[in-house]
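Residue numbers (this note's numbering): 1 to 416.
Here is the structure we will look at.
Below you can see the structure in the form of structure tokens.
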């Protein structure tokens, strides 16, 4: 197995002053191309610490990407550390001095003497061009491990990796196969509940599962070879069959999936909300396709129709859904009633009838988390209707107190 590591440098990265977006980007790019990272580490601006880490990485990996520390200032120490770890002298590379001189001349500026430091490299280094900056990268062997030293500026780093480093790795290791990640977005089950259903599955060689949990969704990730679509589809179908009740979309977020369903069916939507206090509209209308097909959205105070909401909450939310659909002249209306004592109602009005349910939270959530969960349950009702699935479902975060379906024939029946 090819072992590849990444070393990020700099006090600002080590202490969290900046987020290491370069590492996240490289990890994903390399994974997709068959060069998955086996380790990532971070070291501050200390030459001794850098040398120690470079040597440790050289003994345990075949390839290491080093990011940062190639600038002209006193705290840019990666090049000096590389020379010390490789037991080589730093020498001037005239070809990079010329690049630096042209860089400043084209901008009608005088090159500071400090920039000459960027042309001082380990004597056996191979230059890696930087077409948009002054810090050249370089490739260097330390203890039979290939190190690629790169600048920390994201635009320079990414261009260098895409145009030079990744092609060089593919040339050195042509046997590496790229990987892809398929995602099943789930809602309504805990991570442990999903894991209990899936961990016993026997996956083909080269495939593995991962989980990413963030309220209110849990992503099931299937990692596998990019050159075997038939097996990937078969494994996805197997996973889906075990957790079908909780899968809300595949390879796209639930919201995007709802937008595609609305577009395909050409249905318009209006929204009225109380418990979600605008979050339902904000969330749904952030999708361009849903926004184009939406009429009005109303945010009502908890005082609106308070009497009926307290006495007959399901009747109140039915009335709100029907009135919203009628007043806005849309095909569909999605509404949330008031939130009282952790209990709420959501309803959907359609040409085929109306559905409403009363639910109660099973535990204490923050106000923001409550709004997200209520909005997602309402959105799931809409998704289920558009997908011709049963509207009501079980969600681990809430208990269903009551639900009801009013068919269109009942709604259209004229009083005698």
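Cβ atoms here follow ideal geometry from the backbone N, Cα and C, with glycine treated the same way.
Quick one: what's got a C-beta closer than 8 Å to residue i's C-beta in the same chain, skipping five residues either side?
i: residue 440; result: Here the chain has residues from 1 to 416 only, and residue 440 is not among them.
i: residue 187; result: 216, 217, 218, 246, 248, 254, 376, 380, 395
i: residue 416; result: Only weak support is given to the placement of residue 416: the predicted model assigns it a pLDDT of 47, under 50, and the value that follows is read from those uncertain coordinates. No residues qualify anywhere along the chain.
i: residue 235; result: 203, 204, 207, 222, 224
i: residue 269; result: 262, 284, 290, 293, 294, 295, 330, 331, 332, 333, 334, 382
i: residue 287; result: 255, 256, 258, 259
i: residue 170; result: 33, 176
i: residue 404; result: 314, 318, 355, 356, 357
i: residue 153; result: 133, 135
i: residue 301; result: 274
Who are residue i's beta bridge partners in DSSP?
i: residue 404; result: 356
i: residue 5; result: 39, 64
i: residue 340; result: 343
i: residue 271; result: 297, 334
i: residue 398; result: 361
i: residue 150; result: 67
May I ask which residues mark the beginning and end of the alpha helix (DSSP H) holding residue i?
i: residue 260; result: 254-265
i: residue 116; result: Unbroken run through residue 116: none, as it is neither H nor E.
i: residue 160; result: 154-160
i: residue 51; result: 47-60
i: residue 379; result: 367-386
i: residue 32; result: 21-32
i: residue 392; result: Element bounds for residue 392: n/a, residue is neither H nor E.
i: residue 327; result: 313-328
i: residue 74; result: Per DSSP, residue 74 belongs to no alpha helix (DSSP H) and is neither H nor E.
i: residue 290; result: 288-292
Which first and last residues belong to the beta strand (DSSP E) in which residue i is found?
i: residue 351; result: Residue 351 -> no beta strand (DSSP E), and no H or E assigned at all.
Who are the near neighbours of residue i in its chain, counting only those whose CB is closer than 7 Å to its CB and skipping five residues on each side?
i: residue 291; result: 285
i: residue 227; result: 177
i: residue 88; result: 122, 123, 124
i: residue 323; result: none
i: residue 71; result: 135
i: residue 16; result: none
i: residue 385; result: 348, 350, 391
i: residue 412; result: none
i: residue 138; result: 121, 125, 126, 127, 128, 149
i: residue 397; result: 361, 362, 373
i: residue 111; result: 100, 101, 104
i: residue 119; result: 92, 93, 96, 97, 100
i: residue 26; result: 6, 65, 161
i: residue 76; result: 69, 70
i: residue 173; result: 2
i: residue 210; result: 221, 223
i: residue 378; result: 280, 334, 336, 346
Can you name, in chain order, every residue of its own chain whose Cβ lies under 6 Å from the Cβ of residue i, other than the five neighbours on each side?
i: residue 289; result: 259, 263
i: residue 85; result: 51, 54, 55, 142
i: residue 422; result: Absent from the model: residue 422. The displayed extent of the chain is 1 to 416, so no value can be given.
i: residue 267; result: 331, 332
i: residue 117; result: 72
i: residue 320; result: 272, 335
Return yes when the C-beta of residue i is under 7 Å from any heavy atom of the ligand COA, and no when it is not.
i: residue 365; result: Looking at this structure, you won't find the ligand COA or any other ligand, since it has none at all.
task = Kindly provide the ranges of any beta strand (DSSP E) runs that are 3 or more residues long and lie completely inside the region 173-250, ordered along the chain.
result = 179-186, 208-214, 217-225, 247-250
request  = Could I get the ranges of all uninterrupted beta strand (DSSP E) runs contained in the region 86-148, with 3 residues as the minimum, in chain order?
outcome  = 90-92, 120-122, 126-128, 137-142
inquiry  = Under 8 Å, with one C-beta from each stretch per pair, do the region 191-198 and the region 60-75 reach the 3-pair mark?
reply    = no
ask   = Would you call the region 179-186 and the region 160-170 in contact, with 3 or more CB pairs under 8 Å?
value = no
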